[in-house]
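*Asks:* Here's a structure for you.
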Amino acid sequence: MTHILLRHRDIPDIHKLNVYKKNGGFAAWKKAVTKMTPAEVTELVKNSGLRGRGGAGFPTGTKWSFIDNKVFPHYFVANADESEPGTFKDREIMENNPFQFLEGLAIGSYAVGANVAYIYLRGESWQIASLLDEKIAEMEKAGYLGENLFGKDYSLKIYTHLGAGAYICGEETALLESLEGKRGQPRLRPPFPPAVGLYGKPTIINNVETLTNVPMILANGADWYKAMGTADSAGVKIFSLSGRVRKPGNYELPFGATFRQLIYEHGGGIMDGRPVKVIMPAGASSSMIAVDDKVLDTPMDYANVRALRSELGSASVIVIDDTVSADWIVGKTVSFFKHESCGKCTPCREGTYWMQNIAKRIGAGKGTHDDVDLLLNVAKQMQGKCFCALGEFATMAVVTGIERFPQDFRKAVKSN
Amino acid sequence: MSLVKKYSKEVKQILSKYPPEGRRSAVMPLLYLAQREEGYVNKAAMREIAQILEITETEVASIVGFYTLYHDEKAGKYRMQVCTDLPCALRGADEFLQNLCGNLGIKVGETTPDGLITLEEVKCLAGCDKAPLFQTQGPDGIRYHENMTVDKTMELIEALKGGKE
Ligand SMILES: Cc1cc2nc3c(=O)[nH]c(=O)nc-3n(C[C@H](O)[C@H](O)[C@H](O)COP(=O)(O)O)c2cc1C
Ligand code: SF4
Ligand code: FES
């Protein structure tokens, strides 16, 4: 298959400006600015069926149409925080096919009338930020960024901004706080960023992968894009495959490819030939799916994964075999969320603390049946009470782990 | 040391990224600058950043406290931060870290006697398909080291001793 996003796998040196250009690069950008109104660009993206790849799957064109055109300036922010355990796709795009991402960001900025865009990267992506700075400078030199672009009355500047190691800053309002130089703690919504965002101004925030689709959609049309994938989820997706598979990595596939195809055809199957026991399709935030043949043959899109009582999220598919116990998995996820809770609200701050303590006790072989009940209870008490989605995420593996793999927990506390 | 004196070009360039009403946004890049040489942000630097941005020292300190990658205490020249989060742990990251501790003769959180390496355990670094992996945070910024073995790590440490990465 030829790639639409991971095009560096087909076209060597696409990270170089002249190679990118030779392969159709910036034609969509030029077309947008010289031949289309912002509303037309937004409409086209809406018609393509593109949904956000940052986790929530919100329709991208619809989001752009929410921008408040009574208040200016507008800002565009690319979410390159990528910190969900199991997710490593945005990084591959930015490192290897940077111009397509930057072109998508430029087109998005034009569509919502922003003259300044920021790329918020996780602090660890220090090297990627300097690479993007170089690429941005090259685009400025070649006349693709700056003042009066293509002779039109439109200007655009793009800047990178590094976070400093906080998963919560991937949540869009915490990201804005962080970008404003504050602690990364979520804001109360509404108002939503398209009305009140960065520096209090209308702001659109999109994931890196979302934006990387945009130049291809402009170049080939909405119908071309919609023809791929499923009715519920148009187009292609990068699946970050990790865990106990032989060939972990990113695989770009149309929505609707099955778990079996991803794991066995692309991922080379399971290490040591063991059976799959659990799939966590949205990273550490996932509900655990207990795997059988029917699960393996499920097409991966938003609706079908939801029907398995889980969620696709950003498609960071963690695969776990039958040598691993669910209580150990829960120990790992709980420790992650305890570390990443921003501390703003009590249910999440205290809940993750207690969940970690109990999970540690169980993990150390000192837990009792009551501890398992207590753990489940704490998680359920948190649900619906947290200020932002992180608190909810923290409970998913706990509740589904205990409910769907009770035997693992029974065994872990058996001798006490 | 004054940041503005020492890194006048960098400070100016950082401030130019943000609109006047968003001057405070510069706090994070300025903290990276302040941390560059000694690996942590000292009180004087926090004071200076507060002055530059017209915010209080307490506000700057609260940023340092909130984010994992800022430090207010001296550690080894390089912080070696090994990921042991779920996907990496499924590929042997916990054992890798344990063996590394054995080889270096230190525990997680400790520094080698020569002051070169502080060993730390961190959450997902977005390199889960290349476990075991770690990043080094040092004078030249942050670098990734992926698909590592203990042997390869010991070689890297030798190279770091010679001042090369
Ligand atoms: C705790 C938490 C962490 C998140 N982390 C990320 C992230 O690392 N990258 C990302 O693009 N979106 C992340 N999101 C989703 C963003 O809030 C937001 O929905 C997304 O950036 C919108 O872009 P999209 O519409 O293109 O998906 C996170 C959400 C939550 C609640
Ligand atoms: S749910 Fe957790 S991460 Fe979200 S605001 Fe509350 S404490 Fe912070
Ligand atoms: S879990 Fe270690 S890099 Fe993602």
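Residue numbers (my numbering), protein chains in the order written: chain A, 1 to 416; chain B, 1001 to 1165. Even glycine gets a Cβ: it sits at the ideal position worked out from N, Cα and C. Predicted model, so just to flag it, every value in this text is computed and none were measured.
D1085/B: buried (16+ other C-beta within 10 angstroms of its C-beta) or exposed?
*Replies:* Position 85 of the second sequence, counting from 1, holds the residue named residue 1085/B. Buried, since its Cβ has 16 or more Cβ neighbours within 10 Å.
*Asks:* Would you tell me roughly how many angstroms separate the C-alpha atoms of A58/A and D81/A, rounded to the nearest one?
*Replies:* Here residue 58/A is taken as the residue at index 58 of the first sequence, counted from 1. Here residue 81/A is taken as the residue at index 81 of the first sequence, counted from 1. Sequence check: residue 58/A is Phe here, not Ala. Roughly 18 Å separates the two Cα atoms.
*Asks:* Name, please, each residue of chain B whose Cβ falls closer than 7 Å to the Cβ of T87/A.
*Replies:* If you number the first sequence from 1, residue 87/A lands on position 87. Here the neighbours are A1126.
*Asks:* So with CB distances below 9 Å, who are the chain A contacts of M1028/B?
*Replies:* Position 28 of the second sequence, counting from 1, holds the residue named residue 1028/B. Correct list: G123, H161, L162, G163, A164, S178, L179, G181.
*Asks:* Any idea if L1033/B is buried or exposed, counting beta-carbon neighbours within 10 angstroms, 16 or more meaning buried?
*Replies:* Walking along the second sequence from the start, residue 1033/B turns up at place 33. Under this definition L1033/B is a buried residue.
*Asks:* Of all Cβ atoms in chain B, is any one closer than 9 Å to the Cβ of Q100/A?
*Replies:* Taking the first residue of the first sequence as position 1, residue 100/A is located at position 100. Answer no: the Cβ-Cβ gap between Q100/A and chain B never drops below 9 Å.
*Asks:* Using the beta-carbon count (16 or more within 10 Å), is E209/A buried or exposed?
*Replies:* By one-based count along the first sequence, residue 209/A stands at place 209. Result: buried.
*Asks:* Going along the stretch 125–136 of chain A in order, which residues come within less than 9 Å of chain B, judged by CB to CB distance?
*Replies:* Residues S125, W126, Q127, S130.
*Asks:* According to DSSP, is C1088/B part of a helix, a strand, or is it coil?
*Replies:* Taking the second sequence and counting its residues from 1, the one referred to as residue 1088/B is at position 88. DSSP places C1088/B in helix when its eight states are reduced to three.
*Asks:* Might you give, ordered along the chain, the residues of its own chain that have their beta carbon closer than 6 Å to the beta carbon of S341/A, omitting 5 neighbours on each side?
*Replies:* Here the question's residue 341/A lines up with position 341 in the first sequence. The answer, listed in chain order, is C348, R349, T352.
*Asks:* How is Q383/A classed by DSSP in three states: helix, strand or coil?
*Replies:* Here the question's residue 383/A lines up with position 383 in the first sequence. Q383/A: coil per DSSP, three-state reduction.
*Asks:* Here's the rule: buried if 16 or more other CB atoms are within 10 angstroms of the residue's CB, otherwise exposed. What is N18/A?
*Replies:* As a first step, residue 18/A is located in the first sequence; it is residue number 18 there, counting from the start. By the 10 Å Cβ count, N18/A comes out exposed.
*Asks:* Identify the residues that DSSP records as bridge partners of F1134/B: which are they?
*Replies:* Counted from its first residue, the second sequence places residue 1134/B at position 134. Per DSSP, V1082/B, H1145/B.
*Asks:* What residues from chain B crowd round F336/A, counting only those whose CB sits closer than 9 Å?
*Replies:* Your numbering for residue 336/A matches position 336 in the first sequence. The answer, in chain order, is D1085, L1086, K1123, C1124.
*Asks:* How many Å lie between I318/A and T203/A at the Cα?
*Replies:* Residue numbering aside, residue 318/A sits at position 318 when the first sequence is read from its first letter. Residue numbering aside, residue 203/A sits at position 203 when the first sequence is read from its first letter. Going by the C-alpha atoms only, they are around 33 Å apart.
*Asks:* What does P248/A reach in chain B if we use C-beta pairs closer than 9 Å?
*Replies:* In the first sequence, counting from the first residue as 1, residue 248/A sits at position 248. Those are P1087, R1091, C1128, D1129, K1130, A1131, listed as they occur along chain B.
*Asks:* Can you find a CB in chain A that lies within less than 9 Å of the CB of S1025/B?
*Replies:* Numbered from its first residue, the second sequence carries residue 1025/B at position 25. So, interface residue.
*Asks:* Taking Cβ-Cβ distances shorter than 7 Å, what residues in chain B pair up with H15/A?
*Replies:* Locating residue 15/A in the first sequence gives position 15, where the first residue counts as 1. Residues of chain B passing the Cβ test: none, with the nearest at roughly 18 Å.
*Asks:* Under 8 Å from any heavy atom of ligand 3, does the C-beta of L121/A make it?
*Replies:* Your numbering for residue 121/A matches position 121 in the first sequence. It does not: the Cβ of L121/A is nowhere closer than 8 Å to a heavy atom of ligand 3.
*Asks:* If the criterion is Cβ atoms closer than 9 Å, does the pair I424/A and V372/A meet it?
*Replies:* Residue 424/A lies beyond the residue range present for chain A, which begins at 1 and ends at 416; the question has no answer from this structure.
*Asks:* Per DSSP, what are the beta-bridge partners of P194/A in this structure?
*Replies:* As a working note, residue 194/A is residue 194 in the first sequence. Its beta-bridge partners do not exist; DSSP assigns none.
*Asks:* If you run the structure through DSSP and keep just helix, strand and coil, what is P275/A?
*Replies:* Taking the first residue of the first sequence as 1, we reach residue 275/A at position 275. If DSSP states are grouped into helix, strand and coil, P275/A belongs with coil.
*Asks:* Should S1016/B go down as buried or exposed, given a rule of 16 or more other Cβ atoms within 10 Å for buried?
*Replies:* As a position in the second sequence, residue 1016/B is number 16, starting the count at 1. So S1016/B ends up on the exposed side.
*Asks:* At a threshold of 8 Å, does Y180/A count as lining ligand 1 (C-beta to nearest heavy atom)?
*Replies:* For the purposes of this step, residue 180/A is taken as the residue at position 180 of the first sequence. First, the amino acid is wrong: residue 180/A is Glu here, not Tyr. Flag unset: Cβ of E180/A not near ligand 1.
*Asks:* If we call anything under 9 Å between Cβ atoms a contact, is I217/A one with V112/A?
*Replies:* In the first sequence, counting from the first residue as 1, residue 217/A sits at position 217. In the first sequence, counting from the first residue as 1, residue 112/A sits at position 112. Contact flag unset, no.
*Asks:* Going by other Cβ atoms of all chains shown within 10 Å of its Cβ, with 16 needed for buried, is V1027/B buried or exposed?
*Replies:* Residue 1027/B sits at position 27 when you count from the first residue of the second sequence. With 16 or more other Cβ atoms within 10 Å, it is buried.
*Asks:* So with Cβ pairs under 9 Å, would you call S417/A a contact of chain B?
*Replies:* Past the edges of chain A, shown from 1 to 416, lies residue 417/A, and the structure says nothing about it.
*Asks:* If you reduce the DSSP assignment to three classes, tell me which class S285/A lands in.
*Replies:* Counted from its first residue, the first sequence places residue 285/A at position 285. Correct three-state label for S285/A: helix.
*Asks:* Got a sec: does ligand 2 put a non-hydrogen atom nearer than 8 Å to the Cβ of L390/A?
*Replies:* Position 390 of the first sequence, counting from 1, holds the residue named residue 390/A. Yes, Cβ of L390/A sits closer than 8 Å to a heavy atom of ligand 2.
*Asks:* Could you check whether the Cβ of L1133/B sits closer than 8 Å to any heavy atom belonging to ligand 3?
*Replies:* Counted from its first residue, the second sequence places residue 1133/B at position 133. True, at least one ligand heavy atom lies under 8 Å from that Cβ.
*Asks:* Which runs of the beta strand (DSSP E) spanning at least 3 residues fall entirely within the stretch 153–209 of chain A, listed in chain order?
*Replies:* Those beta strand (DSSP E) runs which fall completely within the stretch 153–209 of chain A and span 3+ residues are 157–162, 203–207.
*Asks:* Check whether the Cβ atoms of R998/B and G1138/B sit closer than 9 Å, and answer yes or no.
*Replies:* The structure shown does not extend to residue 998/B, since chain B is modelled only from 1001 through 1165, so no value can be given for it.
*Asks:* Per DSSP, what kind of secondary structure is S335/A in: helix, strand or coil?
*Replies:* Residue 335/A sits at position 335 when you count from the first residue of the first sequence. The answer is helix: DSSP assigns S335/A an H, G or I state.
*Asks:* Any C-beta of chain A within less than 8 Å: which residues of the stretch 1001–1017 of chain B qualify?
*Replies:* Of all residues in the stretch 1001–1017 of chain B, K1017 have a Cβ within less than 8 Å of some Cβ in chain A.
*Asks:* Hey, would you say the C-beta of F88/A is under 8 Å away from at least one heavy atom of ligand 3?
*Replies:* Translated into positions along the first sequence, residue 88/A becomes position 88. Indeed, a heavy atom of ligand 3 lies less than 8 Å from the Cβ.
*Asks:* For the stretch 1136–1152 of chain B, enumerate the residues whose C-beta is nearer than 8 Å to any C-beta of chain A, in chain order.
*Replies:* Listed in sequence order: G1141, I1142, R1143, Y1144.
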